[in-house]
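Under the working numbering, read the sequence shown as residues 362 to 763, first letter to last.
Even glycine gets a Cβ: it sits at the ideal position worked out from N, Cα and C.
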Amino acid sequence: MAVALTSGAAVRPAGAQTATTTVTREQAVRHVLAQRDEALRSGDRAAFLDTVDPSATPEFKARQGRLFDGLRSLPLASYELRLRTDEVPDLAGGGLAGRYPGADAVFLPPVEAHYRFTGIDTIDAVDGYYYTFLLRGGRWRIVADGDVNDVGLPSARNLWDYGPVSQERTAHFTVLHDPADGKRATVLASLCEEAYARLTATFGRPAPAQIVVVLPHNLDQLREILQATFDLSNFVAFASASVDRDEDWQSTAARVYVQDANLSRSRRDFQLQTFHHEFTHVAAFPLAGPFVPSWIHEGLADWMAGGRLAPTAVDGSDGLLPHDWEFTTGGGDSIVRAYDESTSAMAFLAAKKGKGAPLDLLIRVGEARVAPGTSDYRVDQALRAVYGAGLDQFQKDWKGGR
Ligand SMILES: [Zn+2]
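Take a look at the structure:
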């Protein structure tokens, strides 16, 4: 499918195309994305919403308006939408065309938003979108962003999808929040600074200079933002970053999300420990590749945030290091046990090899980015270097020694 472009985002009717201006649908859709980027930069709400197809649902149109207002409220240093047809050329199956009978063509390419906050992000934050583009009357426009939700490809949601956000800034933190939650954001920002002091005292490597903390207005927002398939009621906070595979598996800008229905009800020292735990994740993300299992991530964060204590026995433990899925499924007690086992394993490693050993282990496993072998193999190799024996032996020693 080809459409004709004159210049910028102005598109002639399909019948008017000429040989010199014929472009592919990829190029045409890139112009649509560029129109959104430019509209955002210049504050032109009408131009932004002009990229939305008139046949879109009122709900989608309203959401796009809120997204524009939300994005405009952010301290953006840069924002760029990129077409990712190099990964998947088109997700619009045959059934999708039937959903839009008035369209001349339907195109559903993966799109990424790359952006940075001014004075905060030193690498891009990256969000994935699945926009359905329709060709009608010679113009490509966006009609929906949820057409492949049911195959597990939801478009990104952020706090700014719900409208303008406010920010609470301190020396090392930016707490993004709903304008209605300013009081709580102020309290959280000061807790974060206290936890940051704990982080720098324990991490043993340079901590990130600036961290973004997101305070969703309610649990529904948090659920949409995290796109979580597990029960959020077992958690108090989350640290999250995605992966930029273009750069050999680099972590993207990390964010910390607060589950404040739980966190606000916890005692103050637990809140501090929670932030210390999440900030340890944020500091560790750039060091961690795809092979670092959850027990290393969580064990390191919990052991550091808990005061780097000696190993203790874990009630009900089977003596096996937990699998990744045990950290989100199986119910509250079982999840807590997975964390405690990981913490105990890291404490055991530190007792044997020194307080730097847990982070050394993460870094060793994390060094492998694009490499053959399973996570277990990488952990086995790293344990041989850091602990002096492989995974099986480490597990046995830990079981006997805690
Ligand atoms: Zn964690």
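Could you work out which residue in the options is closest to residue i when comparing CA atoms only?
| i | options | result |
| --- | --- | --- |
| F636 | A598, L723, F688 and P672 | A598 |
| D701 | Y738, D581 and L681 | L681 |
| G404 | A458, V617, D621 and Y440 | Y440 |
| F421 | Q756, V512, L580 and D508 | D508 |
| G693 | V384, R386 and D592 | D592 |
| R629 | L549, V617, P569 and E687 | L549 |
| G499 | R386, R616, V747 and P515 | R386 |
| A674 | A570, G691, P540 and S703 | S703 |
| A568 | D621, A615 and P525 | A615 |
| A666 | D411, A562, D581 and R730 | A562 |
| E555 | D488, L633, A645 and S594 | L633 |
| T613 | P462, E473, A458 and F494 | E473 |
| R433 | P415, L457, L442 and A400 | A400 |
| F534 | I586, L520, T479 and L580 | T479 |
| F646 | R730, R530 and V740 | R730 |
| V604 | F652, P577 and R545 | F652 |
| G489 | D676, D758, V449 and Q571 | V449 |
| R725 | D737, A732 and A743 | A743 |
According to DSSP, is residue i part of a helix, a strand, or is it coil?
| i | result |
| --- | --- |
| L442 | strand |
| H538 | strand |
| F709 | helix |
| R373 | Since pLDDT at R373 reaches only 32, below the 50 mark, its modelled position is unreliable, and no value is offered. |
| T641 | helix |
| L681 | coil |
| Q756 | helix |
| D605 | strand |
| F564 | coil |
| A365 | Confidence is the limiting factor: at A365 the pLDDT is only 26, short of 50, which leaves the residue's position unreliable and the question unanswerable from this model. |
| E448 | coil |
| T704 | helix |
| Q571 | coil |
| R730 | coil |
| V653 | coil |
| R628 | coil |
| Q634 | helix |
| A380 | Residue placement at A380 is flagged as unreliable, the pLDDT there being 43, under the threshold of 50; a coordinate-derived value is accordingly withheld. |
| Y764 | In the structure displayed, the chain extends from 362 to 763; residue 764 sits before or after that span and is not available. |
| Y748 | coil |
Less than 8 Å between the CB atoms is what I'm expecting for residue i and residue j, so what's the real figure, rounded?
| i | j | result |
| --- | --- | --- |
| L444 | A464 | With 8 Å as the limit, L444 and A464 do not qualify as a contact, their Cβ atoms being about 19 Å apart. |
| L648 | G727 | 5 Å |
| E659 | F688 | 6 Å |
| H475 | D482 | That pair is no contact at about 10 Å. |
| G784 | W610 | Any answer about residue 784 is impossible in this case: the structure gives the chain only from 362 up to 763. |
| K716 | Y748 | No, K716 and Y748 are not in contact; Cβ-Cβ is about 14 Å, not under 8 Å. |
| T446 | L469 | The pair is not a contact, with the Cβ atoms about 10 Å apart (cut-off 8 Å). |
| P352 | A708 | Summary: the structure shown does not reach residue 352, with the chain confined to residues 362 through 763, and so no result is reported for it. |
| W501 | V413 | About 11 Å; that fails the 8 Å criterion. |
| A600 | V575 | That pair is no contact at about 11 Å. |
State the beta-bridge partners of residue i as determined by DSSP.
| i | result |
| --- | --- |
| T493 | A505 |
| V390 | Answer is none; V390 lacks a bridge partner. |
| F599 | Y618 |
| H475 | E441 and V487 |
| T735 | In the DSSP output, where bridge partners are listed per residue, T735 has none listed. |
| S551 | According to DSSP, S551 bridges with nothing at all. |
| L576 | H538 |
| V467 | L495 |
| R530 | T535 |
| Q321 | Outside the displayed range of the chain (362 to 763) lies residue 321, so it cannot be described from this structure. |
| V413 | I503 |
How would the residue list near ligand 1 read, in chain order, if you kept each one whose beta-carbon is closer than 5 Å to any heavy atom? Counting only beta-carbon distances shorter than 5 Å to the non-hydrogen atoms of ligand 1, the qualifying residues in chain order are E659 and A662.
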